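Sequential numbering of the sequence shown, starting at 2, is according to this note's numbering.
This report concerns only the one structure given below.
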Amino acid sequence: MFIRRPMYQLNVISRWNIVKTELKQRYAVLTDDDLAFRMGKEGDLICRLQQKLKKSRIDIMRMIGEVN
Numbered sequence: 002m003f004i005r006r007p008m009y010q011l012n013v014i015s016r017w018n019i020v021k022t023e024l025k026q027r028y029a030v031l032t033d034d035d036l037a038f039r040m041g042k043e044g045d046l047i048c049r050l051q052q053k054l055k056k057s058r059i060d061i062m063r064m065i066g067e068v069n
């Protein structure tokens, strides 16, 4: 069964797979659980990354934005 998702949601999910792969390569301490993405729970993801990498929220957001 195919579930229809809004186009923006598909773009975010496909982009997140790229970001996740890049972050795992840069930071070996990150696990799949650390990088789990759920729509509407982006703040939880940022908090997990902050705790694991000991970086500020701004640094995490910048790091994610830099991945192409």
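Here a beta-carbon is modelled for each residue, glycine too, at the ideal position from N, C-alpha and C.
These numbers come from a predicted model, not from an experiment.
Taking the continuous alpha helix (DSSP H) assigned at residue i, which residues delimit it?
i	result
Met40	That residue, Met40, is in no alpha helix (DSSP H); it is neither H nor E in DSSP.
Asp113	This structure leaves residue 113 out entirely; the chain is present only between 2 and 69.
Excluding five sequence neighbours on each side, which residues of the same chain lie with their C-beta closer than 6 Å to the C-beta of residue i?
i	result
Asp35	Arg49 and Lys53
Arg16	none
Val68	Val20 and Glu23
Buried or exposed for residue i, going by 16 or more other Cβ atoms inside 10 Å?
i	result
Ile14	exposed
Phe19	According to the sequence shown, residue 19 is Ile rather than Phe. Under this definition Ile19 is an exposed residue.
What is the rounded straight-line gap between the Cα of residue i and the Cα of residue j?
i	j	result
Ala37	Leu46	7 Å
Lys25	Met64	12 Å
Under 8 Å Cβ to Cβ from residue i, same chain only, skipping five residues before and after it: list those, please.
i	result
Gln51	Ser57, Arg58 and Ile61
Leu31	Leu24, Lys25, Leu50, Lys53 and Leu54
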